[in-house]
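J.: Numbering (my numbering), first residue to last: 81 to 388. Glycine included, every Cβ here is placed at the ideal spot set by N, Cα and C. Quantities reported herein were computed from a predicted structural model and do not represent experimental measurements. Mind looking over this structure? Questions follow.
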């Protein structure tokens with residue numbers, strides 16, 4: 081449905097900067113600061129779109145194409161997840177979503193490499209490392225949903241999970257996923273690739289104008305695509321008759337509530353933590369992978385009738 085696809089993409093572009101502005105506002109309030117207005121991120125992006133675009137001397141054609149490609153891949157991530165309707169505008173499910181998430185992270189690494197700037201190159205390499213250690217935990221966490229929901233497609237998972245049963249370990253998998261959201265979004269304490277006080281922006285250091293705006297907007301859209309998937313963990317703990325009502329009507333209110341909750345979680349993490357060093361992030365990611373693997377084993381046993 082082309083109209084549904086266009087509507088979802090417009091929603092992504094409009095909503096992503098607003099949620100980022102809300103995050104900045106919440107983080108400021110938690111730190112006893114006034115903070116910027118909620119629309120500040122939109123103001124920043126519009127200003128970048130009006131600025132002159134300067135290309136890195138060593139970047140060539142790749143320096144032009146990578147930011148736009150990053151933005152396009154992020155929009156594709158958003159398009160394969162049901163948002164304002166039960167059916168997603170594009171087919172793909174969990175497998176396509178994970179592939180696009182990995183691709184978007186590696187595109188940021190490429191952006192840092194083509195810049196020719198040492199800070200950009202180091203930031204790009206850190207982006208690859210962070211994606212490598214975080215993505216397995218995301219994959220295992222989402223596989224819990226696929227196993228219990230008996231489907232790889234988001235639109236079928238909620239209806240297939242037996243909400244009459246309680247899956248305590250799925251709450252643990254949800255917590256792991258929330259931590260991974262913070263890491264994938266590059267927020268404190270996982271803002272290792274950009275590290276503005278160390279690498280002055282990391283992979284984006286040599287980009288400006290419209291290209292920088294596309295890269296920043298792509299990051300924001302990728303973040304809300306990850307937020308959108310968190311709703312399926314939440315749905316597993318809601319009574320089936322409530323989910324039936326959500327599936328009968330456009331789930332706008334629950335969807336936006338999930339977006340706000342995820343934004344609040346990210347703001348709390350930013351306010352309560354300092355930036356991790358790379359080895360600390362690697363160590364934590366190892367723990368997350370072990371914990372999520374245990375939850376997956378329990379889900380597999382449950383699905384095969386071993387526990388219930």
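Around the C-beta of residue 354, are 16 or more other C-beta atoms found within 10 angstroms, so that it is buried, or is it exposed?
T.: Taking the first residue of the chain shown as position 1, residue 354 is located at position 274. By the 10 Å Cβ count, residue 354 comes out exposed.
J.: Can you check whether the CB of residue 298 is closer than 7 angstroms to the CB of residue 151?
T.: If you number the chain shown from 1, residue 151 lands on position 71. If you number the chain shown from 1, residue 298 lands on position 218. Yes.
J.: What residue range does the alpha helix (DSSP H) around residue 159 cover?
T.: The residue labelled residue 159 in the question sits at position 79 within the chain shown. Where residue 159 is concerned, the enclosing alpha helix (DSSP H) stretches over 140-159.
J.: Counting only the same chain and skipping the five closest in sequence on each side, list residues whose C-beta sits under 7 angstroms from that of residue 131.
T.: For the purposes of this step, residue 131 is identified with residue 51 of the chain shown, where counting begins at 1. For residue 131, where only same-chain residues beyond five positions count, the Cβ hits under 7 angstroms are 288, 289.
J.: Restricting to Cα atoms, I'd like to know which of 227, 317, 305 is closest to residue 381.
T.: Residue 381 sits at position 301 when you count from the first residue of the chain shown. When each option's Cα is compared against that of residue 381, the closest is 227.
J.: Would residue 252 and residue 375 be called neighbours here (beta carbons separated by less than 7 angstroms)?
T.: Residue numbering aside, residue 252 sits at position 172 when the chain shown is read from its first letter. Residue numbering aside, residue 375 sits at position 295 when the chain shown is read from its first letter. Yes, these two residues count as a Cβ contact at 7 angstroms.
J.: Less than 8 angstroms between the CB atoms is what I'm expecting for residue 147 and residue 286, so what's the real figure, rounded?
T.: Walking along the chain shown from the start, residue 147 turns up at place 67. Walking along the chain shown from the start, residue 286 turns up at place 206. Between residue 286 and residue 147 the Cβ distance is about 11 angstroms, and since that is not below 8 angstroms, they are no contact.
J.: Just to confirm before moving on: does the CB-CB distance between residue 301 and residue 158 stay below 7 angstroms?
T.: In the chain shown, residue 301 corresponds to position 221, counting from 1. In the chain shown, residue 158 corresponds to position 78, counting from 1. Yes; because the gap between Cβ atoms is below 7 angstroms, this pair is in contact.
J.: Express the C-alpha separation of residue 117 and residue 111 in angstroms, rounding to a whole number.
T.: Along the chain shown, one-based indexing puts residue 111 at 31. Along the chain shown, one-based indexing puts residue 117 at 37. Taking the straight line from one Cα to the other gives about 15 angstroms.
J.: In three-state terms, what does DSSP make of residue 128?
T.: In the chain shown, residue 128 corresponds to position 48, counting from 1. Note: residue 128 maps to helix in three-state DSSP.
J.: Measure the Cβ-Cβ separation of residue 81 and residue 163 and say whether it is below 7 angstroms.
T.: In the chain shown, residue 81 corresponds to position 1, counting from 1. In the chain shown, residue 163 corresponds to position 83, counting from 1. Contact: no.
J.: The alpha helix (DSSP H) with residue 209 in it runs from where to where?
T.: By one-based count along the chain shown, residue 209 stands at place 129. Its alpha helix (DSSP H) spans residues 198-229.
J.: Hey, residue 238 and residue 186 are a contact pair by Cβ (cut 8 angstroms); roughly how many whole angstroms apart?
T.: On the chain shown, residue 238 is found 158 positions in, with the first residue counted as 1. On the chain shown, residue 186 is found 106 positions in, with the first residue counted as 1. Contact doesn't hold; Cβ gap of about 30 angstroms is too wide.
J.: Skipping 5 residues on each side, what residues in its chain have a beta carbon closer than 6 angstroms to that of residue 349?
T.: In the chain shown, counting from the first residue as 1, residue 349 sits at position 269. Counting only Cβ-Cβ distances below 6 angstroms, and skipping sequence neighbours, we find 262.
J.: Here's the rule: buried if 16 or more other CB atoms are within 10 angstroms of the residue's CB, otherwise exposed. What is residue 90?
T.: If you number the chain shown from 1, residue 90 lands on position 10. Exposed is the call here.
J.: Three-state secondary structure (DSSP) at residue 340?
T.: Residue 340 sits at position 260 when you count from the first residue of the chain shown. Looking at residue 340 - three-state DSSP - the assignment turns out to be helix.
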